[in-house]
Amino acid sequence: MSVNGFPEHFRFGAATAAIQIEGATDARGPSIWDSFSRVPGTVSDGGTPDVACDHYHRWREDLDLMAELGIATYRFSISWPRVLPGGTGAPSREGIDFYRRLLEGLHERGIRPLATLYHWDLPQALHDRGGWPARDTASRFAEYAALVYEELGDLVDDWITINEPWVVSFLGHGFGTKAPGRTDWAEAIRVAHHVLLAHGLAVDALRELRGDATVGITLDLWPTEPATSSADDEAAARRWDGAHNRWFLDPVLRGAYPDDVVRWYESRVGPFDWVLDGDLEVIGRPIDFLGVNYYSRDVVASAPGAGPLELTRAAPSGPTTGMGWEVAPASLHALLLRLKRDYGDLAISITENGAAYDDPVPTNGLVEDPERLEYLRGHLEAVRRAVADGVDVRSYFTWSLLDNFEWEHGYEKRFGIVYVDYATQRRIPKRSALWYRDFIAANGR
Ligand code: FCB
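If you count by numbering that gives the first Met the number 0, then the sequence shown holds residues 0 to 444, one letter each, in order.
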């Protein structure tokens, strides 16, 4: 243990995702986010991924910046349509070479890569052939994964298959707030299954091709509490926890969907005829670590008739971030202990944690963001306490290195520890970035 309680091998990092930063959409195949963002009214400021942070051309500068901040590990995602413009078929040499150069650049600077294979940018061509509601997409994903392992596996030891399957399935196909913007709960449940199957198949492919590498999946986990101690609110909280958290934790870590939620769903959408024999075995293949994205907690109340889960989310009582999410570091500590209690000794990586705030414009080359700094400090402290309590957390990635294309919020929500002036593409570290740099240095890496 080092003086402040983080273990010697602990790594501090920063995270991004391909479509949120790369731009250069003309140098790759189209994805569902390119089309979705062009539908009027879907993205609040009308922003598209076309330019974003122009990272495709400015990656050297971004890597230098990370090195200056002392970032030890970088979580980024590989764009499926950049590697395979049509989703399947002929790979793009230019796309693969971009990631090779990026990875070589990371190694030159001593930064350890953590590569995510899918961060929501499904190739449009595959969507046109049925997308995630079609089981075939899981097999196409496994092929894409195998290609990436073959092309880039010599440069990456740590992999994440899928980022936040909840968002892909239920926000993309149930609530419809994210691409492809569908609103069919039964379809969302089927999509969740196919996305989890894709994960399992990609784990198998990695074991076959790169037996010595490590692999995990990243789940967005939202600890849930009832609004009151009434039996109905408690049942609603259990339902929300079941639908959002256990729906993914249980199949991945125990090889089974949670019974209570299966019963609830089947009584509404009929039997799950899309789950085939052997699927849950594939989905439950052992992984090397669990990626946890943590932002906040939910407080829910029972609301008969309100949506497929018959509940509402209560307004947060404490301070909130620019997303309206409650600042709740204690719930991160409790979540990590719960994972250990309910799922046993897992290696955990906090693959995202951070906050959007209405940052002031830069003055004298600096952006003062005291609230983000306090958010990071509080959550790092929660991680440190969980480690002291025996949870095997190995790394922490702040979301995000740069302000970027925040999905349906366009460029209006800024999560970066580094400010991006989109007019000039100038990067300006915020106070929180300088604080994080000093925090990492104080921890000896
Ligand atoms: C997570 C996403 C990430 C970013 C943050 C704010 O759900 O994985 O891309 O949008 O939220």
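We put the CB at the ideal spot given by N, CA and C, even for glycine.
Are there any heavy atoms of the ligand FCB lying less than 7 Å away from the beta-carbon of residue i, as far as the coordinates show?
i, result
"E162", "Going by the sequence as given, residue 162 is Asn instead of Glu. Yes, the beta carbon of N162 sits closer than 7 Å to at least one heavy atom of the ligand FCB."
"A16", "yes"
"V298", "no"
"W406", "yes"
"D96", "no"
"E93", "no"
"W490", "The requested residue 490 is not part of the displayed model; the chain covers only 0 to 444."
"W398", "yes"
"R414", "Reading the sequence as shown, one finds Phe at residue 414 and not Arg. Checking every heavy atom of the ligand FCB against the Cβ of F414, one is found closer than 7 Å."
"V274", "no"
"N352", "no"
"Q19", "yes"
"D219", "yes"
"V167", "no"
Taking only three categories from DSSP, how would you classify residue i?
i, result
"F75", "strand"
"I70", "coil"
"R128", "coil"
"S394", "strand"
"E351", "strand"
"S301", "strand"
"A17", "helix"
"L365", "strand"
"T136", "helix"
"E150", "helix"
"P39", "coil"
"G12", "strand"
"P122", "strand"
Would you call the CB atoms of residue i and residue j closer than 8 Å?
i, j, result
"S394", "I416", "no"
"G109", "I439", "no"
"I159", "L113", "yes"
"L62", "P122", "no"
"G290", "L218", "yes"
"I95", "P48", "no"
"I161", "H198", "yes"
"Y421", "Y410", "yes"
"D232", "S301", "yes"
"S168", "A185", "no"
"A14", "S348", "no"
"L275", "G254", "no"
"V214", "D287", "yes"
"A381", "V392", "no"
"L195", "P164", "yes"
Quick one: give me the first and last residue of the alpha helix (DSSP H) that residue i is part of.
i, result
"L279", "D278 to I282"
"Y264", "D258 to V268"
"G254", "No alpha helix (DSSP H) contains G254, which DSSP labels as neither H nor E."
"F438", "R430 to A441"
"I31", "I31 to F35"
"W184", "W184 to L208"
"F5", "Note, F5: premise wrong, no alpha helix (DSSP H); not H, not E."
"E224", "Where E224 is concerned, there is no enclosing alpha helix (DSSP H), although the beta strand (DSSP E) it sits in stretches over T223 to P225."
"R340", "P328 to Y342"
"L379", "P369 to A387"
"R100", "R92 to E107"
Can you have a look at residue i and say buried or exposed, based on whether 16 or more other CB atoms are within 10 angstroms of its CB?
i, result
"A425", "The question names Ala, but residue 425 is Arg in the sequence shown. Per the 10 Å Cβ criterion, exposed."
"G28", "buried"
"L220", "buried"
"R262", "exposed"
"P6", "exposed"
"E405", "buried"
"P318", "exposed"
"G389", "exposed"
"E93", "exposed"
"R340", "exposed"
"E351", "buried"
"A441", "exposed"
"A387", "exposed"
"P285", "exposed"
In the DSSP assignment, the beta strand (DSSP E) including residue i goes from what residue to what residue?
i, result
"Y418", "V417 to D420"
"D231", "Run containing D231: none in the beta strand (DSSP E); it sits in the alpha helix (DSSP H), A230 to D240."
"L113", "R111 to Y117"
"I161", "D157 to N162"
"I216", "T213 to D219"
"F288", "F288 to N292"
"T311", "L310 to R312"
Residue i: beta carbon under 7 Å from a heavy atom of the ligand COA?
i, result
"N292", "This structure lacks the ligand COA; its bound ligands are the ligand FCB."
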